[in-house]
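Trainee: In the working numbering, the protein residues as written are 333 to 592.
Glycine residues also receive a C-beta, built at the ideal position from the N, C-alpha and C atoms.
None of these values were measured; they are calculated from a predicted model.
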């Protein structure tokens, strides 16, 4: 990946707490990693992070930036009513506000939410049977670990938030039917690693189906056991903790500047 020539944005480092700055850096890094792995849809889709110590406040991307351009200082801080909480020349995506505010309002255990429109994610979201337990990655989301939300149109109606909250429940992954994917996590790193597993599961499903041969389906007991292995191991240890430092080193080599 070529280095991103991000617009020059004045630093807000001295205007926020150390905890908020760390959240901003991790979120900006997540945007650039999503770009690195090709999960973007031009300037659309969105990733958010809760602002530590500020109830009802979260960070979203500046609408109009490519994900590879996002920096810690360019992120927009808003509340659950859509009010901008720190002066900025940038706007936020309205549909992004609806989806992300819904999750942050209901899930106080969640600090980060990722939403994507990848080809593989959209394709699986359009399949009547949804995600199939064909691979180890997909078995992570077996049974109760995957939520589904029916398509209602572009997410501009705030009353959809109650149905998004109901359908997600206490899960960390949801397929938005005929739309895309959503993951969340207790940390930015966790939401990213869960999305990485979900994206790969969708890609593998489409590839296996495209082979035109009979597929093997592990037994329900094996699928449930595998899902329990994933989630029980990470019950008190968020996904992504081990991989995140390596991912930041990858960015430092290929697209530095996210921490500006």
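1. Assuming contact is defined by CB atoms lying nearer than 7 Å, are residue 504 and residue 361 in contact in what I supplied?
2. Ignoring anything shorter than 3 residues, give me the beta strand (DSSP E) runs that lie fully in the segment 336-393, in order along the chain.
3. Could you check where the alpha helix (DSSP H) with residue 453 kicks off and where it finishes?
4. Can you tell me the Cα-Cα spacing of residue 509 and residue 458, whole angstroms?
5. Would you kindly check if the distance between the Cβ of residue 484 and the Cβ of residue 492 is under 7 Å?
6. If I measure Cβ to Cβ from residue 364 and keep anything under 8 Å in the same chain, skipping five residues before and after, which residues do I get?
7. My parser needs the beta strand (DSSP E) runs of 3 or more residues fully inside the segment 429-490; what are they?
8. Since I believe residue 469 is in contact with residue 389 (beta carbons under 8 Å), could you give me their beta-carbon distance rounded to a whole number of angstroms?
9. Could you pull the DSSP bridge partners for residue 516 from this structure?
10. Rounded to a whole number of angstroms, what is the C-alpha to C-alpha distance between residue 333 and residue 579?
11. Contact criterion: CB-CB distance below 7 Å. Does residue 496 meet it with respect to chain C?
12. Distance, Cα to Cα, residue 463 vs residue 530?
13. Return helix, strand or coil for residue 554, following the three-state DSSP convention.
14. Residue 508 bridges to which residues according to DSSP?
15. What is the rounded straight-line gap between the Cα of residue 426 and the Cα of residue 572?
Mentor: According to the structure data:
1. no
2. 378-382, 389-392
3. 451-457
4. Taking the straight line from one Cα to the other gives about 6 Å.
5. yes
6. 336, 399, 400, 402, 583, 587, 590
7. Annotation: the segment 429-490 contains the following complete segments of the beta strand (DSSP E) (minimum length 3 residues), in chain order: 444-448, 479-481.
8. Rounded, the Cβ-Cβ distance is 33 Å, inconsistent with contact.
9. 445
10. Residue placement at residue 333 is poorly supported in this model, since its pLDDT is 39, which falls under 50; the coordinates still yield a value, given next. Taking the straight line from one Cα to the other gives about 14 Å.
11. No chain C is part of this structure, which consists of one protein chain only.
12. C-alpha separation (whole angstroms): 9 Å.
13. Note: residue 554 maps to helix in three-state DSSP.
14. 481, 512
15. 29 Å
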